[in-house]
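Residue numbers (the working numbering): 127 to 503.
Here is the structure we will look at.
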């Protein structure tokens, strides 16, 4: 197998992991979008424990890791082309910040894009670092982040419980909601929240940068033995850290997420690692369906808001009454639709719509959209 085919397969692995993360992020976001209660009973109680064990905080971890890895790939390609990579990356982040700001202010206060854009600037200071230096910084920031978790996680969760995106008069109150979110966005409170997030997200960026510089995704067979050990070890550690979650669940007839939130956060990182390594090593062809969504991750992420906020507000009078047991099928139907639309689109075009705008803005010229075989006709 030649080098170009190997490289294409390894990039496809990244798209698969990214597409898998997009599914998980939508599962996490939709209860917040509709304003679900954090107190669960009946079948929703069992679904919520599934969320706690396998979903909550795992997927933004994966997405953050991939952002750092993507930074390395972007800079490396820019250098190969002889481009001014620092300026290009800053433009890329600026465009992401603008998109994230519009997303936050006009649609949903749970946007993560503006956060990545703000914190992503720091990656430029680490690109030339040695692998050892990257690990030291990553673990140091990771430790600081989990100190913040102990100090702030419950208070931040309680604050989140008092806010919901969808209200009965969503469209009638849209302008006032926009004004409220705009006020929040440009307040010192938002800056404080980003300061709290910075150590954890930057540490995950740096772990992604480390893996990129080490070339693990380009040498999967070479690292296969080590990856297997990390795969088993991360799963065992996650399992042990999940025991308090299960104990809390079985000891209480009703429960709230905050009853075991600390353990959810602590168990999430090793399980996210397990997910990443498992997908890296997997050779199942059906996983390619995740790859279609992953190639259009930005477009599909924003589409989730249009469905989870705008469409549900138009169709449902009391969105907060949508049970978790109904939300999951909604997510699966939307995601399945995205798979087929993404596949159809990518058979004809090189980039997703928002990916094309982002790339064109970054390079300062409209990028060729249609695939070569279409252009040749």
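Note that CB positions come from ideal geometry on N, CA and C, so glycine has one too.
Bear in mind the structure is a predicted one, so any value in this text is a computation, not a measurement.
(request) Give the single residue among 323, 350 and 230 whose Cα lies nearest to the Cα of residue 268. (result) For the purposes of this step, residue 268 is identified with residue 142 of the chain shown, where counting begins at 1. The shortest C-alpha separation from residue 268 is found at 323.
(message) Between which residues of its own chain and residue 356 is the CB-CB distance below 8 Å, once the five residues before and five after are set aside?
(response) Working through the chain shown from its first residue, we reach residue 356 at position 230. Excluding residues within five positions, the ones whose Cβ falls inside 8 Å are 399 and 403.
(request) Just the C-alpha distance for residue 172 and residue 325, rounded to the nearest angstrom, thanks. (result) Here residue 172 refers to the residue found at position 46 of the chain shown. Here residue 325 refers to the residue found at position 199 of the chain shown. Using only the alpha carbons, I get a separation of about 32 Å.
(request) May I have the straight-line CA-CA distance separating residue 312 from residue 345, to the nearest angstrom? (result) Taking the chain shown and counting its residues from 1, one reaches residue 312 at position 186. Taking the chain shown and counting its residues from 1, one reaches residue 345 at position 219. In a straight line, the C-alpha of residue 312 is about 44 Å away from that of residue 345.
(request) Would you list the one or two residues that DSSP bridges to residue 172? (result) Locating residue 172 in the chain shown gives position 46, where the first residue counts as 1. Residue 172 is not bridged to any residue.
(message) Am I right that residue 139 and residue 406 are in contact with their C-beta atoms under 8 Å? What's the rounded C-beta distance?
(response) Looking up residue 139 in the chain shown gives position 13. Looking up residue 406 in the chain shown gives position 280. Indeed they touch by this definition, with Cβ atoms about 6 Å apart.
(request) With distances taken Cα to Cα, identify the nearest neighbour of residue 273 among 375, 162, 371 and 392. (result) Locating residue 273 in the chain shown gives position 147, where the first residue counts as 1. For residue 273, the nearest C-alpha among the options comes from 392.
(request) If I'm right that residue 333 touches residue 191 with Cβ under 8 Å, what's the distance once you round it to whole angstroms? (result) Within the chain shown, residue 333 is the residue found at index 207, counting from 1. Within the chain shown, residue 191 is the residue found at index 65, counting from 1. That belief holds up - the Cβ atoms of residue 333 and residue 191 are roughly 6 Å apart, short of 8 Å.
(request) Using alpha carbons as the reference points, say which of 467, 194, 388 and 305 lies closest to residue 232. (result) Taking the first residue of the chain shown as position 1, residue 232 is located at position 106. Residue 305 is the option with its Cα nearest to residue 232.
(request) For residue 473, count neighbouring C-beta atoms within 10 Å of its own C-beta (all shown protein chains included) and say buried if the count is 16 or more, exposed if not. (result) Working through the chain shown from its first residue, we reach residue 473 at position 347. Flag for residue 473 reads exposed.
(request) Run the CB neighbour count on residue 497, radius 10 Å, all protein chains shown included, and call it buried at 16 or more, exposed below. (result) Position 371 of the chain shown, counted from the start, is the residue given in the question as residue 497. So residue 497 counts as exposed.
(message) Between the alpha carbons of residue 465 and residue 459, how many angstroms are there, rounded?
(response) Numbered from 1 along the chain shown, position 339 holds the residue referred to as residue 465. Numbered from 1 along the chain shown, position 333 holds the residue referred to as residue 459. Approximately 10 Å, taken between the alpha carbons.
(request) From the DSSP output, in three-state form, read off residue 177 for me. (result) The sequence position of residue 177 within the chain shown is 51, counting from 1. Residue state, collapsed to three classes: helix.
(message) Need the endpoints of the alpha helix (DSSP H) that residue 511 sits in, please.
(response) One cannot answer for residue 511 here, as it falls past the ends of the chain, which runs 127 to 503.
(request) Express the C-alpha separation of residue 317 and residue 467 in angstroms, rounding to a whole number. (result) On the chain shown, residue 467 is found 341 positions in, with the first residue counted as 1. On the chain shown, residue 317 is found 191 positions in, with the first residue counted as 1. Going from the Cα of residue 467 to the Cα of residue 317 covers about 37 Å.
(message) With three or more C-beta pairs closer than 8 Å as the rule, is the region 487-497 touching the region 427-444?
(response) no
(message) Which of the three DSSP states is assigned to residue 442 in this structure?
(response) In the chain shown, the residue the question calls residue 442 occupies position 316. Three-state result, residue 442: coil.
(message) Which residue wins for smallest C-alpha separation from residue 358, given the options 327, 397 and 342?
(response) The residue you call residue 358 lines up with position 232 of the chain shown. When each option's Cα is compared against that of residue 358, the closest is 397.
(request) Would you tell me roughly how many angstroms separate the C-alpha atoms of residue 451 and residue 363, rounded to the nearest one? (result) Position 325 of the chain shown holds residue 451. Position 237 of the chain shown holds residue 363. If you take the alpha carbons of residue 451 and residue 363, they lie about 29 Å apart.
(message) Relative to the C-alpha of residue 366, which candidate in 142, 395, 418 and 205 has its C-alpha closest?
(response) Indexing the chain shown from 1 puts residue 366 at position 240. The residue with the shortest Cα to Cα distance from residue 366 is 395.
(message) If I follow the unbroken alpha helix (DSSP H) through residue 470, where does it start and stop?
(response) For the purposes of this step, residue 470 is taken as residue 344 along the chain shown, with counting starting at 1. Taken as a continuous stretch (DSSP letters only), the alpha helix (DSSP H) holding residue 470 covers 450-472.
(request) Check whether the Cβ atoms of residue 245 and residue 188 sit closer than 8 Å, and answer yes or no. (result) Position 119 of the chain shown holds residue 245. Position 62 of the chain shown holds residue 188. Contact flag unset, no.
(message) Measuring CB atoms only, is the region 151-169 touching the region 425-435, in the sense that at least three cross pairs come out at less than 8 Å?
(response) yes
(request) Can you have a look at residue 168 and say buried or exposed, based on whether 16 or more other CB atoms are within 10 angstroms of its CB? (result) Translated into the one-based positions of the chain shown, residue 168 becomes position 42. Residue 168 should be labelled exposed.
(message) To the nearest angstrom, how far is the alpha carbon of residue 219 from that of residue 376?
(response) Position 93 of the chain shown, counted from the start, is the residue given in the question as residue 219. Position 250 of the chain shown, counted from the start, is the residue given in the question as residue 376. Straight-line Cα distance between these residues: approximately 45 Å.
(request) Would you mind reading off the limits of the alpha helix (DSSP H) that contains residue 386? (result) Working through the chain shown from its first residue, we reach residue 386 at position 260. Taken as a continuous stretch (DSSP letters only), residue 386 belongs to no alpha helix (DSSP H), as it is neither H nor E.
(message) Quick check: the Cα distance between residue 470 and residue 299, rounded to an integer number of angstroms?
(response) Sequence index remark: in the chain shown, residue 470 carries index 344 (1-based). Sequence index remark: in the chain shown, residue 299 carries index 173 (1-based). Distance between the alpha carbons of residue 470 and residue 299: 37 Å.
(request) Could you check the C-alpha separation between residue 477 and residue 419 for me, to the nearest Å? (result) As a first step, residue 477 is located in the chain shown; it is residue number 351 there, counting from the start. As a first step, residue 419 is located in the chain shown; it is residue number 293 there, counting from the start. Cα-Cα distance, rounded: 11 Å.
(message) Just to confirm before moving on: does the CB-CB distance between residue 217 and residue 211 stay below 8 Å?
(response) On the chain shown, position 91 is the one that residue 217 refers to. On the chain shown, position 85 is the one that residue 211 refers to. No. Outside cutoff.
(message) In whole angstroms, give me the CA-to-CA distance for residue 241 and residue 492.
(response) Stepping through the chain shown from its first residue, residue 241 is reached at position 115. Stepping through the chain shown from its first residue, residue 492 is reached at position 366. Distance between the alpha carbons of residue 241 and residue 492: 26 Å.
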